[in-house]
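So for the sequence shown, UniProt numbering puts the first residue at 1; every next one is plus one.
No residue lacks a Cβ here, since even glycine has one placed at the ideal position from N, Cα and C.
A quick write-up on the structure given underneath.
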Amino acid sequence: MSTSLAGRGLRAATRGWSARTIAAPTLVASRSLIVPSRPVYADQSSSSAAAAPGQQQQPSSDGTQPKQSLLKSLLHGSDKAKAEGVTTQSHSMQVARGKYIHEIQRQSVLPGHADAYRALIADFAPKLAAKGLPMRLTGSWEVVVGDLETFYHIWEYDGYAGYDKAEAALRQDADFEQFTKQLRPLLSNRSNWLTQEFSFWPSSPPRTTNGLYELRTYHLKPGHLLEWEQHWRRGLEARRKFVEPIGAWFTQIGGLHTVFHIWEYPSLEERKRTRDQAWQVETWNDTVSQTVKLIDKMHAQIMRPLPFSPLK
Numbered sequence: 001m002s003t004s005l006a007g008r009g010l011r012a013a014t015r016g017w018s019a020r021t022i023a024a025p026t027l028v029a030s031r032s033l034i035v036p037s038r039p040v041y042a043d044q045s046s047s048s049a050a051a052a053p054g055q056q057q058q059p060s061s062d063g064t065q066p067k068q069s070l071l072k073s074l075l076h077g078s079d080k081a082k083a084e085g086v087t088t089q090s091h092s093m094q095v096a097r098g099k100y101i102h103e104i105q106r107q108s109v110l111p112g113h114a115d116a117y118r119a120l121i122a123d124f125a126p127k128l129a130a131k132g133l134p135m136r137l138t139g140s141w142e143v144v145v146g147d148l149e150t151f152y153h154i155w156e157y158d159g160y161a162g163y164d165k166a167e168a169a170l171r172q173d174a175d176f177e178q179f180t181k182q183l184r185p186l187l188s189n190r191s192n193w194l195t196q197e198f199s200f201w202p203s204s205p206p207r208t209t210n211g212l213y214e215l216r217t218y219h220l221k222p223g224h225l226l227e228w229e230q231h232w233r234r235g236l237e238a239r240r241k242f243v244e245p246i247g248a249w250f251t252q253i254g255g256l257h258t259v260f261h262i263w264e265y266p267s268l269e270e271r272k273r274t275r276d277q278a279w280q281v282e283t284w285n286d287t288v289s290q291t292v293k294l295i296d297k298m299h300a301q302i303m304r305p306l307p308f309s310p311l312k
């Protein structure tokens with residue numbers, strides 16, 4: 001009898017020991033899935049599950065208990081991330097002026113149809129301006145060095161609400177419908193982007209200089225807009241000693257991670273002289289060396305303003 005009881009006791013103890021041995025790593029594995037940033041190992045399971053008797057968990061530097069601090073970070077982001085703006089603002093919110101939305105339109109004309117296109121645009125632009133919609137023409141240009149028979153138009157809206165209102169009105173507008181029917185047969189392709197101005201570079205008001213305009217387009221590596229803006233803003237202050245920029249925008253809808261900016265020069269010879277002067281400034285050299293690493297590709301084109309353009 002005693003031998004039988006002892007055997008059953010030994011088997012029960014063995015089963016209990018096996019269950020505890022299996023349960024411990026299982027519990028550890030499940031906890032590591034929930035909190036991947038703080039993996040728990042088998043030799044730590046007993047100490048991480050609870051404090052030893054008579055001991056209290058020490059509060060963190062912000063006064064919260066460790067478990068509470070971890071939960072707070074998971075739900076709301078760490079204090080360091082908040083201080084750096086990582087969890088509260090996107091890159092575009094940090095660099096944007098935020099006052100207007102600018103639509104950049106690119107229209108490529110079929111060979112032999114450029115004259116008809118210029119006449120059609122020149123006739124309709126004043127009609128559109130007279131409709132009193134929440135949109136204003138910033139400028140219209142034709143490319144003369146680069147993608148020939150290509151035209152760019154930049155429209156300014158009072159935020160996305162202004163764009164929505166203008167777009168809804170034009171869809172119901174008979175003049176715009178007729179204009180679109182006449183325009184389409186003249187084009188080989190067209191595209192547009194909705195953009196915002198950089199906070200440090202508001203677009204130029206209407207003016208007449210009878211100069212040339214350079215449109216530079218940068219396609220950035222994803223995730224580098226803020227870094228690019230910080231380097232470029234410092235370099236621009238040095239460049240401004242020689243030439244005043246017309247405007248700079250980054251895309252929010254359309255081809256993303258793209259930056260456009262426009263300079264105005266009296267001539268190509270003056271452009272060369274101005275750029276040579278800028279290269280003598282160390283700040284501009286540093287800017288170029290830092291920003292070029294953040295760019296996938298870039299494109300420069302020379303444009304002339306159309307007669308009705310507010311910037312010409």
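- When the Cα atoms are used, TYR213 and ARG304 turn out to be separated by approximately 6 Å.
- Between the stretch 129-143 and the stretch 161-171 there are three or more inter-stretch CB-CB distances shorter than 8 Å, so the stretches are counted as touching.
- By the Cβ test, the stretch 182-197 is in contact with the stretch 106-116, since at least three Cβ pairs between them sit closer than 8 Å.
- With contacts defined as CB atoms closer than 9 Å, THR287 and LEU236 qualify as a contacting pair.
- In this structure, GLY139 keeps its C-beta atom at 9 Å or more from the C-beta atom of PRO245.
- Exclusion of the five residues before and after ILE262 leaves TYR213, LEU215, ILE246 and GLY247 as the residues of its chain whose Cβ lies within less than 6 Å of its Cβ.
- Taking C-beta separations shorter than 7 Å and ignoring five residues to either side along the sequence, the partners of ARG239 in its chain run ALA278 and TRP284, following chain order.
- DSSP, reduced to helix, strand and coil, places TYR265 within a strand of the structure shown.
- For PRO111, there is no enclosing alpha helix (DSSP H), as DSSP marks it with neither H nor E.
- Note that the C-beta distance between HIS113 and LEU186 is below 9 Å.
- For the pair LYS99 and GLY159, the CB atoms are nearer than the 9 Å cut-off.
- Between LEU194 and ILE253, the C-beta gap is smaller than 9 Å, which places the two residues in contact.
- In the three-state reduction of the DSSP assignment, TYR100 falls in the coil class.
- Going by beta carbons, GLU156 and HIS102 fall inside the 9 Å limit.
- For PHE200, there is no enclosing alpha helix (DSSP H), as DSSP gives it neither H nor E.
- A direct Cα-to-Cα measurement between GLN196 and VAL243 gives close to 22 Å.
- Look at PRO307 here: in three-state DSSP terms it is coil, with no helix or strand label.
- For ARG233, the closest of GLN178, PRO202, LYS272 and TYR152 by C-alpha to C-alpha distance is PRO202.
- The beta carbon of VAL143 sits closer than 6 Å to the beta carbons of THR150, GLN301 and MET303 from its chain, once the five residues preceding and following it are set aside; these are given in chain order.
- Apart from sequence neighbours up to five positions away, the residues of its chain that approach GLY211 with a beta-carbon distance below 8 Å are GLU264, TYR265, PRO266 and SER267, ordered along the chain.
- A direct Cα-Cα distance of roughly 39 Å separates PHE308 from GLN290.
- Here LYS297 is bridged, per DSSP, to HIS219.
- For LEU212, DSSP records a beta bridge to TYR265.
- In the DSSP assignment, PHE250 falls within the beta strand (DSSP E) that extends over 245-253.
- Excluding sequence positions up to five before and after THR251, its CB lies within less than 6 Å of the CB of TRP193, THR195 and THR258, all in the same chain and listed in chain order.
- Rounded to the nearest whole angstrom, the CA to CA distance from LYS221 to THR209 is 35 Å.
- Relative to ALA174, the option among ASP296, ARG271 and LYS127 whose CA is nearest is LYS127.
- By alpha-carbon distance to ILE295, the top candidate from PHE260, ARG275 and GLU270 is PHE260.
- Under the DSSP assignment, LEU137 falls in the beta strand (DSSP E) whose first and last residues are 135-145.
- In the DSSP assignment, no residue is bridged to GLU237.
- Nearest Cα to GLN178 within the set PHE124, ILE154, PRO206 and ALA129: PHE124.
- For PHE151, the enclosing beta strand (DSSP E) stretches over residues 150-157.
- DSSP, read as helix, strand or coil, puts PHE242 in coil.
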